[in-house]
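Have a look at the structure below before the remarks.
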Amino acid sequence: MLKLIGAVMVIAASGLSGLAMAGNYARRPKELRSLRSALQILETEIAYSATCLPDAFMQVSGRCDKTSATLFSGAAAELSNMSGVTASEAWDKALEKYYPGTALKSGDLSILRNLGGSLGISDREDQIKHLRLAMEQISAETLAAEEEAARNVKLWSYLGFLGGLLVVLLLY
Amino acid sequence: MSFADLYQFTPRHCGPGALDGILPVLPGNIRSMVAALPHTAIDKIEEIRFRQGKPLILGLAGNEIFLTVEGRPTREAGEAYCVAPIDMERLIQLISNSSFYAIEEELKNGFITLPGGHRVGITGKAVLDGGKIRTLKYLSGCNIRLARAVTGAASSLLPYLLNNSRGDIFHTVLVSPPCCGKTTMLRDLIRQLSNGVPELGFSGLTLGVVDERSEIAGCYKGVPQLDVGLRTDVLDGCPKAEGMMMLLRSMSPRVIAVDEIGRGEDVGALEEVLNAGVKVLATAHGKNLAELAERPALGRIIRSKIIERFVILGRSRGVGTIEEIIDGRTMRSLGVKKC
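Chains as they are written, first to last, in the working numbering: chain A, 6 to 177; chain B, 32 to 370.
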């Protein structure tokens, strides 16, 4: 009886971790798409109404998908407490808090970091160029992430359970 | 004037607290240097000048001091903290609220206004587009001028300007050289005329202000940051001549106030306002009336005897001294008690 309970637990544990891995692969394209549309909103704010950056971040965090909202609301909060931080410092701080909770890869992070380095320091046309560049890079990453997800989501969700089953069979 | 004097003497036109609005836009290292100054000195800061590679200069009530790295005031340029390129970069980011693209328009005029009405003059390299300034780049110089509204600055002047029998004011021009408190005086006149002065039995008037250089009301995002009274409409950043006509047509003011008239078109618009039965409150650069009369456009207005009061300001007893009040019809002094 005890053995049976143990076996169920092993299968459940490895199955769930497999599902978690699969979930990560499935989440990344979603998060990237959400980031892209958030940056699109930011571009509109900057290009058409020249909203100042703290306000623009607030606008974006209110209108974009929930998964990316924390990044923008975090950066807005850093900027509005007037502690003397620049936009890129505020953006980096917000990224540090946002990144660990996401399925994004370090490559995605460096796209966002690079964007942060140029936020708010140049004229409108230049800002638009930088935002477009980041959006394009994110789009490319999204495509790659989608392919990866298509391959890996099924794999990991089966692999977890099957691996658990294998362990149980070996030990039983 | 020695340093000891500097710390003891507090001019009446400077109030404490104005620096609180400025500190958040200073880069961290400079912020702590300025904040380390004694309070008596902080309360007197009128301007902070940044020039890349040159010493940071504080203007205190007509005096200039440098700061050492520790925030100690000094007169020796050798000991002074020099503004590093990174300081300029951070300063520009902070004063633009991290949104350089949002101040492009304002940069064309060479200054931006901060919350609190403080003005930051900016120099750099002008970028031209078809012969007109498109924007500035390589920003290398900044002058932060603290706006301090001085409540009651115009109280002693007011009785000479009110026309009690008609319940309004005389057409008035304030004349003074730069830095003699012209704008401060004008702002307080506007505030008192707009709110009304119960002690003088004067109820408030609707005022229109054309604030071409954002100095009178210190508007930030269109909202006056300095007290200009209850019945005051402000057209911010608008050319004076057009602004006066706009106000005249749209806001039915009883008084129109403008700063620094001088160009022909300003005077032309002013004449239009005078003819429309609206009272005029204006300032002009000049030491005295004779000097004013020599300038082509202003001379015409003086000779036409439309302006009823000329107020000459100076700094013989501190900034904002009223030197003389002249009746524009008779050209006689109204014998001001020196105040």
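Here a beta-carbon is modelled for each residue, glycine too, at the ideal position from N, C-alpha and C.
Item, Value
"Report the residue from A:A31, A:N119 and A:G11 whose alpha carbon sits nearest the alpha carbon of R156 (chain A).", "A:A31"
"Any Cβ of chain A within less than 7 Å of the Cβ of E137 (chain B)?", "no"
"Determine which residues of the region 78 to 96 of chain A have a Cβ less than 7 Å from any Cβ of chain B, and write them out in chain order.", "L84, M87, G89, T91 and A92"
"Any idea what DSSP makes of S207 (chain B), helix, strand or coil?", "strand"
"Enumerate, from N- to C-terminal direction, the unbroken alpha helix (DSSP H) stretches of 4 or more residues contained entirely within the region 86 to 148 of chain B.", "116 to 126 and 135 to 138"
"Indicate whether S85 (chain A) and S39 (chain A) have their beta-carbon atoms separated by less than 7 Å.", "no"
"Put T75 (chain A) into one of helix, strand or coil per three-state DSSP.", "helix"
"If the cut-off is 7 Å on Cβ atoms, which residues from the region 53 to 65 of chain B count as contacting chain A, listed in chain order?", "P55, P58, G59 and R62"
"Can at least three beta-carbon pairs, one atom from the region 306 to 319 of chain B and one from the region 281 to 290 of chain B, be found at a separation below 8 Å?", "yes"
"Note down, in chain order, every chain A residue with its Cβ under 7 Å from the Cβ of Q124 (chain B).", "T91, A92, G125 and I126"
"Rounded to whole angstroms, what's the CA-CA distance from V173 (chain A) to S88 (chain A)? Just pull it up for me.", "57 Å"
"Along the region 130 to 158 of chain B, where does the CB come closer than 7 Å to a CB of chain A? Name the residues.", "S130, F131, Y132, A133 and E135"
"Where does V100 (chain B) land, buried or exposed, given buried means 16+ other C-beta within 10 angstroms?", "exposed"
"Since G148 (chain B) contacts Y251 (chain B) with CB under 8 Å, what's their CB separation in whole angstroms?", "7 Å"
"Between the C-alpha atoms of T75 (chain A) and L148 (chain A), what's the straight-line distance to the nearest angstrom?", "24 Å"
"Quick one: grab the DSSP three-state call for N86 (chain A).", "coil"
"What does DSSP give as the partner residues of T352 (chain B) in its beta bridges?", "B:G345"
"Below 7 Å on C-beta distance, what does Q132 (chain A) contact in chain B?", "Y132"
"Flag A43 (chain A) as yes if its beta-carbon sits less than 7 Å from any beta-carbon of chain B, otherwise no.", "no"
"Could you give the first and the last residue of the continuous beta strand (DSSP E) run that contains D242 (chain B)?", "L238 to D242"
"Are the CB atoms of S225 (chain B) and R262 (chain B) within a distance shorter than 7 Å?", "yes"
"Closest by CA to T214 (chain B), which one among B:G330, B:F341, B:A315 and B:G59?", "B:A315"
"Taking 7 Å as the threshold (beta carbon to beta carbon), is L58 (chain A) in contact with chain B?", "yes"
"If you draw a straight line from the alpha carbon of Y103 (chain A) to that of P55 (chain B), how long is it in whole angstroms?", "26 Å"
"Can you give me the C-alpha to C-alpha distance between I134 (chain B) and P208 (chain B), rounded to a whole angstrom?", "30 Å"
"Report the rounded CA-to-CA distance for Y163 (chain A) versus L24 (chain A), giving the unit in angstroms.", "8 Å"
"Do V65 (chain A) and L47 (chain A) count as a contact pair if the criterion is CB distance below 7 Å?", "yes"
"Which residues in chain A sit within 8 Å of R121 (chain B), going by Cβ to Cβ distance?", "G89 and T91"
"For L91 (chain B) versus I76 (chain B), is the C-beta distance shorter than 7 Å?", "yes"
"Report the residue from B:L87, B:G330, B:S63 and B:L320 whose alpha carbon sits nearest the alpha carbon of N174 (chain B).", "B:L87"
"Given 6 Å as the limit, tell me if G155 (chain B) has its C-beta closer than that to any heavy atom belonging to the ligand GDP.", "Because no ligand of any kind appears in the structure shown, any question about the ligand GDP cannot be addressed here."
"What does DSSP give as the partner residues of V304 (chain B) in its beta bridges?", "Answer by DSSP bridge pairing: none, since V304 (chain B) is not bridged."
"Exposed or buried, which one is R222 (chain B) when buried takes at least 16 other CB atoms within 10 Å?", "buried"
"Taking the beta carbon of T182 (chain B) as the centre, do at least 16 other beta carbons fall within 10 Å, making it buried, or is it exposed?", "exposed"
"Helix, strand or coil for N119 (chain A), going by three-state DSSP, please let me know.", "helix"
"Residue ranges of each alpha helix (DSSP H) run of no fewer than 4 residues wholly in the region 151 to 201 of chain B, ordered along the chain?", "189 to 192"
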